[in-house]
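Engineer: Numbers given in our numbering equal positions in the sequence shown, counted from 1, plus 15.
Don't be surprised by glycine CBs; every beta carbon is placed ideally from N, CA and C.
Here the structure is a predicted model, which is why all the values come from computation and not from measurement.
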Amino acid sequence: VAARKGIPVDCVRAALRGYSIRFEYDRPPNTMLLMPEWETWKNIPLTAAQEAALDEYLARREKVPFEYLGTEWQAHIDDEQEVRRHAGLPSQVAGRIFGMFPNVSFDAGLTSTTVAFSDANQWIAETISFIANRPEHHLLIKVHPAECRRNAQDPLIPYLRRRFPSLPANVHLIPPDAGITARAVTRLSDWALVYTSTVSVEAAATGKPVMLVGGGWNAGRGFTHDMRSAGEYFERLSGICSGQWNPVHPLELARRYAFALFFRSNIPINHYTVLDLNVTSLNIDSLADLAPGRDPSMDIICRGVLLDEPMEYPFNGK
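1) Does the pairing of the region 230–246 with the region 145–165 give three or more beta-carbon distances under 8 Å?
2) So residue 208 and residue 115 are supposed to be a Cβ contact under 8 Å. How far apart are they, rounded?
3) Alpha carbon to alpha carbon, how far is residue 206 from residue 132? Give it in angstroms, no decimals.
4) Checking the sheet assignment: what are the DSSP bridge partners for residue 207?
5) Given that a residue counts as buried once 16 or more other Cβ atoms are within 10 Å of its Cβ, and exposed if not, what is residue 223?
6) Return the CA-CA distance between residue 318 and residue 23, expressed in angstroms with no decimal places.
7) For residue 169 and residue 300, what's the separation of their Cα atoms in angstroms?
8) Residue 186 bridges to which residues according to DSSP?
9) Using the C-alpha atoms, what's the distance from residue 139 back to residue 325?
10) So, at 8 Å on beta carbons, what are the nonlocal neighbours of residue 279 in its own chain, with the 5 sequence-adjacent residues on each side left out?
11) Work out the CA separation of residue 113 and residue 26 for me, nearest whole Å.
12) Can at least three beta-carbon pairs, one atom from the region 134–153 and one from the region 191–199, be found at a separation below 8 Å?
13) Buried or exposed: where does residue 228 fall if 16 or more other Cβ atoms within 10 Å of its Cβ makes it buried?
14) Where residue 50 and residue 288 are concerned, what is the direct C-alpha to C-alpha distance, given to the nearest angstrom?
15) From residue 322 to residue 275, what distance separates their C-alpha atoms?
Put into structure tokens, the structure is as follows:
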């Protein structure tokens with residue numbers, strides 16, 4: 016309504032890193048139009064300090080993906096041998112290892128922007144059937160941890176048990192409560208197969224090629240292979256398995272995007288504390304604490320709202 020009346024709108028949403036928020040200008044905060052500043056930011060090389068800050072954050076994010084949520088969201092198993100033992104993955108494999116990262120179902124419906132498959136379950140089931148016919152290759156499916164933390168109405172494991180009473184020997188399932196980190200799975204994998212999850216960014220920024228099947232706001236940024244149809248997807252998988260398709264991974268671009276997503280577009284907030292998306296405390300003594308010049312974040316937000324200036328936090332890695 017505001018847009019139709021020509022009224023500027025700034026939408027605020029929780030950001031991904033620490034206690035921070037992000038803004039979207041004159042657009043819903045849940046669309047493919049997120050972070051249009053990327054067209055500028057992708058051309059800016061990262062400094063050594065920014066590279067180090069990104070590595071430090073990705074290492075922390077492995078076990079604490081959401082710093083504003085409770086400890087039940089934290090994973091703790093990152094040892095390769097432990098992951099292999101939990102998943103039943105052999106210590107040596109002849110072919111490729113594909114790490115698969117489904118979204119929790121309600122999130123998949125909200126964030127998917129392509130129709131390569133009718134839904135995420137079809138993608139998973141057809142990939143299992145594909146891998147089953149290629150026993151030298153392995154599929155490692157990490158079920159989204161939110162399935163046990165938010166009481167999913169249509170959880171993945173019961174669906175797979177109905178569809179596959181006995182999983183193929185080269186398909187390995189990591190349940191949502193296993194406590195295994197996503198990054199531990201990507202370290203073991205040659206490729207990350209992702210629906211729309213932020214794992215696509217984390218995997219790509221740490222050197223793993225990514226196929227995105229459901230699109231989402233991380234698609235189309237230049238560092239993922241975005242599948243438009245099931246035919247294209249299985250053609251690419253076949254090429255990987257045969258060794259005929261081995262594209263160069265644009266690691267530098269992926270890291271610039273990760274820095275943009277986790278740092279440039281995130282404005283840290285120090286004046287309140289959040290737990291499980293609820294404000295638990297206010298950390299100001301008076302309104303003077305919010306006065307111009309007292310806090311860089313508040314200055315950026317106010318100038319952005321009042322003057323339509325870009326809300327980019329100038330994080331220099333220190």
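Structural biologist: Checking against the coordinates, here is how it stands:
1) no
2) 5 Å
3) 19 Å
4) 114, 225
5) Answer is buried; the Cβ neighbour count reaches 16.
6) 14 Å
7) Taking the straight line joining both Cα atoms gives about 47 Å.
8) DSSP lists 154 as partners of residue 186.
9) 40 Å
10) 52, 56, 327, 328, 330
11) 37 Å
12) Touching, no, given that fewer than three Cβ pairs across the two stretches are closer than 8 Å.
13) buried
14) Rounded to whole angstroms, residue 50 to residue 288 spans 25 Å at the Cα level.
15) 22 Å
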